[in-house]
Amino acid sequence: MPTTRFTADHERVRARLRAYVDERIRPQAEEWDRAGDFPDEAMRELGEAGFLGLRYPQRYGGYGGDYYHTVVQAEEMARSGSGSFSMAVSVQTDMATPPIAEFGTEAQKEEFLAPAIRGEKIACLGITEPGAGSDVAGIRTHAQGVGGDWVVNGSKIFITNGARAAFCTLVAKTDRDAKHQGVTLFLLPMDASGVQVSRRLEKVGMWASDTAELAFTDVRLPRDAILGEEGKGFYHIMWELQGERLIAAVESAAGAAYGIERIVEIAQQRRVGGRCLADHDWVRYRVAETAARVEATRQLVYLTADRFDRGEYPVREISMAKLAGMSVAWEVADLGVEVAGEWGIWYGLPLQRSWRDARLGRIGGGTDEVMREVVGKMMNL
Amino acid sequence: MTFPAVRDRPYHLFEPEHDELRDALRRLVDDRLVPRAGDLERERAFPRELLAELGELGYLGLAFPHDAGGADDVVADAVLSEELGRSGLYGVAGATIELRAAALALLLGGADAQRQRILPGLLAGRALWALGVGEPSLDPDPHEIRASARSGEGRFELSGEKAFVPLAGVADGYLVAARTAERVALFAVEAGSLEAAEEEVLGSWECPVGTVHLDGAVIDANARLPAGAPDILAAVGRWRALAEGFALVGLAARALDVALAYGLERQAFDRPVARFQVWRHRWAEAATDLESTRALCIHALRLYAAGEPAARAIAAARLRAGRVAYRMADEGVQMHGGYGYMMEFDAQRFWRDARQATVVGGGDHPYLETIARELGL
């Protein structure tokens with residue numbers, strides 16, 4: 001690691017997590033992918049080992065670390081070879097739970113955050129709907145106040161962890177007529193009556209990660225199921241998305257750097273036309289150029305993380321980091337396939353899996369186009 | 001032998017009969033392949049019956065001489081490639097290309113007896129043959145072949161392994177490249193004498209590829225094709241590059257159509273996604289790329305059909321076609337948003353197929369090498 005951002009403690013955590021990933025995750029990545037699932041115990045074990053709450057207070061079972069502990073977590077998970085499991089963990093630690101830590105009541109933290117940190121309750125985040133992806137204010141899922149309770153109706157799609165989650169951090173409309181001001185967050189137990197996993201979606205990549213379509217039919221939630229403030233859900237979730245996008249950028253930049261290491265290995269091992277791939281100009285130059293972009297992206301990501309760590313909210317840089325991180329991670333995955341040629345498309349090597357997995361980055365958590373839109377807006381365009 | 005037959009009016013490529021052929025193929029593809037494309041791939045339903053049907057209709061032999069049962073019409077042959085590519089089920093186009101490539105290798109390099117024995121069934125789509133050239137060394141260059149054929153007592157004993165052999169496991173025979181004491185030759189080997197195993201790969205699951213193990217296979221001495229493998233493969237390679245160019249243009253066109261149809265239907269921020277300026281311009285660029293690439297393919301076909309030097313044009317056409325198909329398919333996934341990543345939508349299949357088609361056989365490099373050589377570099 002090239003900087004002083006990481007203290008001796010960060011490096012200790014990194015070493016422990018790297019050993020854990022080497023021993024407990026990477027060897028199973030292929031098997032989980034083929035099975036189309038990872039076992040829930042994998043999440044619980046990661047929680048028991050203390051890696052699901054690095055940034056959360058010790059009071060709830062967390063490690064009590066800072067943002068760079070989360071960065072370490074994302075960077076090491078990026079080396080796991082399982083895009084699916086890394087994504088499930090990200091949802092657990094950096095998407096579905098930060099709003100609880102930030103906006104939740106003490107009771108909500110005890111009921112949802114603490115068991116999530118222990119890996120006992122797997123979490124999902126319910127934003128996207130069949131008719132509304134990037135357009136969060138356009139969601140239709142509705143929570144109606146009825147006799148002191150809330151009654152939720154609607155549906156969500158592309159919900160990572162959705163088929164196995166114990167609870168959902170849910171975005172719903174509490175006022176159909178209001179746009180942004182009509183959105184509220186809820187904590188919804190997935191075993192509540194009326195919650196149905198209507199479909200488990202088959203994806204082209206990220207096979208070990210479950211992606212659900214959820215249907216809510218007259219799901220009754222108590223008054224205190226609201227997370228944060230009523231009518232402030234849009235702003236809460238926009239806040240969440242910044243953290244989600246930044247950590248995704250961290251992970252993808254680290255994954256890209258790891259991908260470059262693997263391409264170098266392949267280039268040294270394999271021969272074409274009587275020469276090592278590494279002895280072909282086109283391979284050396286493409287790898288060198290891509291590696292330069294990876295490094296530049298990593299530094300952009302670190303500078304953005306510095307500001308986030310200081311409590312700033314740099315939407316422009318976060319959106320740039322997400323756009324650049326996903327794009328370079330994708331380029332590395334594509335270069336891996338190209339360099340390896342036919343072996344790149346062969347299921348016996350993980351290159352094609354990285355290629356399929358990495359493609360989601362340019363879509364999930366806000367597409368490239370949405371990121372460009374946000375950056376443009378932040379530049380007063 | 002002159003292949004393809006030189007045409008009288010090479011600058012007037014598409015005759016009414018070609019338009020009729022295109023219409024007929026389009027109906028067949030739209031009725032039989034497009035509606036079930038996703039299932040056919042998922043079920044790994046190798047289209048053996050369809051290939052037999054195409055053979056029976058004379059489509060597999062379009063480019064071949066009349067005395068081989070063909071139509072001597074390389075233009076019609078290109079129409080076939082493009083329209084099958086347009087099915088968006090690239091493995092089907094690929095399978096017909098593999099069959100025709102094997103048939104062409106026999107036509108150009110086979111002995112009379114070999115041609116008479118194999119070609120009629122092959123062009124009729126009844127007996128499927130495929131070329132097995134590449135080896136696990138990751139090297140598509142026939143000069144680097146290590147598989148060997150040791151001769152003795154009127155026989156050859158083969159050893160070695162062929163990697164990423166098209167139609168592995170479903171072919172009835174393979175033309176395998178192996179080194180004898182003197183040179184590299186092709187051997188026509190019945191599938192029964194070899195062990196073939198299908199490998200799992202990224203795309204085009206309806207058309208298997210796999211490994212063919214040669215070790216221990218003992219074949220008759222007259223299984224060797226008389227002409228040298230590098231010469232045959234170079235000639236087959238030119239035809240193949242052109243056929244793939246048209247098939248990839250077809251695939252790109254399908255990816256474009258499907259993406260636009262989705263993008264016009266899908267609403268975001270109160271309007272169809274495809275109507276956002278950024279997408280309108282991206283698709284305008286993509287459509288321009290597609291149109292110019294198709295024109296380049298037609299230009300290469302014209303030279304090829306006229307018997308003029310066509311190597312550079314063909315290589316350029318194939319290079320561009322691969323890139324356009326992959327780019328179009330990738331843009332198609334992106335336009336679909338989250339749905340583009342879902343197996344139930346066709347966008348991801350075009351994308352996997354296009355990626356696979358652009359890395360097999362050495363990827364872009366043989367074409368870049370050819371163009372560079374033609375430039376005197």
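So the sequence lines, in the order shown, correspond to chains A and B. If you count the first sequence from 1, position 39 lands on 39 in the numbering used here, and the numbers rise without skipping. If you count the second sequence from 1, position 155 lands on 155 in the numbering used here, and the numbers rise without skipping. Even for Gly, the Cβ is constructed at its ideal location relative to N, Cα and C. Note that this is a predicted model, so its numbers are computed, not measured.
*Three-state secondary structure (DSSP) at B/E157?*
DSSP, reduced to helix, strand and coil, places B/E157 within a strand of the structure shown.
*Between the Cα of A/G50 and the Cα atoms of A/A114, A/Y235, A/V332, A/L188, which residue gives the shortest distance?*
A/A114
_Close Cβ partners of A/M1 (< 7 Å) along its chain, the five nearest in sequence each way excluded_ = Residue placement at A/M1 is poorly supported in this model, since its pLDDT is 47, which falls under 50; the coordinates still yield a value, given next. So the list is empty, once near-sequence residues are dropped.
_Short Cβ contact (9 Å threshold) for B/G55 with A/G133_ = no
*Give the secondary structure of A/C168 by DSSP, where H, G and I count as helix, E and B as strand, and everything else as coil.*
strand
_Cβ shell of A/G148 (< 7 Å), same chain only, five flanking positions each side left out_ = Excluding residues within five positions, the ones whose Cβ falls inside 7 Å are R223.
*So which of A/F308, A/T297, A/R316, A/I247 has the shortest CA-CA distance to A/N380?*
A/R316
*Is the segment 333–340 of chain A close to the segment 297–309 of chain A, with three or more CB pairs under 8 Å?*
no
*Please state if the CB of B/I314 and the CB of B/R238 are separated by a distance shorter than 9 Å.*
yes
*Where B/A385 and A/G348 are concerned, what is the direct C-alpha to C-alpha distance, given to the nearest angstrom?*
Here chain B comprises residues numbered 1 to 377, so residue 385 of chain B is not present and cannot be evaluated.
*Where does A/C276 sit, in a helix, a strand or coil, going by DSSP?*
strand
_is_contact[A/G273, chain B] using C-beta, thresh 9 Å_ = yes
_For a cutoff of 9 Å on Cβ pairs, would you count B/H213 as touching chain A?_
Interface annotation, B/H213: not in contact with chain A, CB-CB separation never under 9 Å.
*Which class does B/F64 belong to by DSSP, given the choice of helix, strand or coil?*
coil
*Is the segment 92–102 of chain B in contact with the segment 149–156 of chain B, if contact means three or more CB pairs nearer than 8 Å?*
The count of Cβ pairs closer than 8 Å, one atom from the segment 92–102 of chain B and one from the segment 149–156 of chain B, stays below three, leaving the stretches out of contact.
_At a CB distance below 8 Å, what residues from the segment 198–225 of chain B approach chain A? Give them in sequence order._
E199, E200, V201, L202, G203
*What's the gap between the Cα of B/D257 and the Cα of B/G263?*
Going from the Cα of B/D257 to the Cα of B/G263 covers about 10 Å.
*Among the residues of its own chain, which have a CB less than 7 Å from the CB of B/E83, if the five just before and after it don't count?*
R22, L25, R26, V29, G250
*Buried or exposed: B/R318, going by 16 or more other Cβ atoms within 10 Å of its Cβ?*
buried
*With DSSP run on the structure shown, which of helix, strand or coil describes B/I298?*
helix
*Mind checking if A/D368 is an interface residue toward chain B, Cβ cutoff 9 Å exclusive?*
yes
_Please report the straight-line C-alpha distance between A/P57 and A/D66, rounded to a whole angstrom._
The straight-line gap from Cα to Cα measures roughly 10 Å.
_Rounded distance between the beta-carbons of B/L89 and B/E161, thought under 8 Å_ = Contact flag wrong, Cβ pair sits at about 29 Å.
_Quick check on B/W279 - is its C-beta less than 9 Å from some C-beta in chain A?_
yes
*Have a look at B/A321 and B/A124 and give me their C-alpha separation to the nearest angstrom.*
29 Å
*Starting from A/E331 and walking both ways along the beta strand (DSSP E), at which residues does that stretch end?*
Here A/E331 belongs to no beta strand (DSSP E); instead the alpha helix (DSSP H) covers 315–340.
*Per-residue contacts from A/R12 into chain B (C-beta, under 8 Å)*: Those within 8 Å of A/R12 in chain B number zero; the least Cβ separation is about 37 Å.
*Can you find a C-beta in chain B that's less than 9 Å from the C-beta of A/D37?*
Under the Cβ criterion of 9 Å, A/D37 is not counted among the residues facing chain B.
*With 9 Å as the limit, tell me which residues of the segment 340–357 of chain A have their beta carbon closer than that to any beta carbon of chain B; keep them in chain order.*
The residues in question are A340, G341, E342, W343, G344, I345, W346, Y347, G348, Q352, W355, R356.
*My guess is that A/Y258 and A/R5 are in contact by the Cβ rule of under 8 Å, so how many angstroms apart are they, rounded?*
A/Y258 to A/R5, Cβ: 19 Å. No contact.
*Is DSSP giving B/H336 helix, strand or coil here?*
Reduced to three states, the DSSP call for B/H336 is coil.
_Can you tell me whether A/V146 is buried or exposed? The criterion is at least 16 other CB atoms within 10 Å of its CB, across all chains shown._
exposed
_Can you tell me where the alpha helix (DSSP H) holding A/E265 begins and where it ends?_
233–269
*Taking 9 Å as the CB-CB limit, is A/M378 close to chain B?*
no
_Inter-residue spacing [alpha-carbon to alpha-carbon] between B/Q114 and B/P226_ = 10 Å
*Figure out for me which residue from B/L248, B/E265, B/L303, B/F269 has the closest Cα to the Cα of B/E291.*
B/L248
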